[in-house]
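Numbering (the numbering used here), first residue to last: 52 to 195.
Backbone N, C-alpha and C define an ideal beta-carbon position, used for all residues, glycine too.
Predicted model, so just to flag it, every value in this text is computed and none were measured.
Structure representation (structure tokens):
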């Protein structure tokens with residue numbers, strides 16, 4: 052499975068039950084990445100993702116266990132450590148600033164190999180950095 056996450060610089064994902072992943076430009080990029088494929092989501096992510104075109108949304112409370120190889124999972128609230136061995140790639144969108152957070156990514160991305168990196172302007176942030184990681188080794192630099 053290919054996991055998509057949105058993170059602040061400290062790896063924060065949520066604060067007090069509120070997502071950090073609401074940005075129109077990021078959702079447009081997720082649509083491009085997942086076009087023609089399946090995007091697995093938790094029930095709470097449906098309202099954010101329902102406008103994605105040419106993407107099959109699969110909404111399920113056990114989505115991380117049900118996603119197959121090559122399918123995408125949009126993860127807003129952590130819980131990846133138990134399925135880390137099944138992850139083919141992580142696509143992280145970084146906000147490039149710190150926010151209050153009480154839910155953090157539970158994987159150490161410095162142990163993943165950093166691949167392509169690109170920056171683009173967001174609708175809510177001046178600069179968003181998209182980084183692709185694969186589990187093939189260490190390069191020691193998780194944050195962009």
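Of the listed residues the options, nearest to residue i (C-alpha basis)
| i | options | result |
| --- | --- | --- |
| residue 73 | 144, 164, 162 | 144 |
| residue 94 | 124, 146, 187 | 124 |
| residue 179 | 116, 81, 68, 54 | 81 |
| residue 90 | 62, 57, 77, 53 | 53 |
| residue 162 | 184, 118, 173 | 184 |
| residue 157 | 79, 111, 127 | 127 |
| residue 87 | 166, 121, 57 | 121 |
| residue 57 | 164, 129, 83, 111 | 129 |
Outcome for residue i when other beta-carbon atoms lying within 10 angstroms are tallied against a minimum of 16
| i | result |
| --- | --- |
| residue 106 | buried |
| residue 71 | buried |
| residue 168 | exposed |
| residue 132 | exposed |
| residue 119 | exposed |
| residue 187 | exposed |
| residue 62 | buried |
| residue 191 | Bear in mind that the predicted position of residue 191 carries a pLDDT of just 45, short of 50, making it too unreliable to give a figure here. |
| residue 173 | buried |
| residue 181 | buried |
| residue 111 | exposed |
Residues bridged to residue i (per DSSP)
| i | result |
| --- | --- |
| residue 169 | 181 |
| residue 65 | 70, 154 |
| residue 109 | 91 |
| residue 58 | 145 |
| residue 126 | Note: residue 126 sits in no beta bridge, so no partner. |
| residue 53 | 123, 140 |
Boundaries of the alpha helix (DSSP H) in which residue i is found, first to last residue
| i | result |
| --- | --- |
| residue 115 | 114 to 117 |
| residue 99 | 97 to 100 |
| residue 141 | Where residue 141 is concerned, there is no enclosing alpha helix (DSSP H), although the beta strand (DSSP E) it sits in stretches over 140 to 145. |
| residue 80 | 75 to 85 |
Segment limits, beta strand (DSSP E) that includes residue i
| i | result |
| --- | --- |
| residue 122 | Premise fails: residue 122 is in no beta strand (DSSP E) and is neither H nor E. |
Would you be able to state if there are at least three C-beta pairs under 8 Å between the segment 57 to 67 and the segment 85 to 105?
-> no
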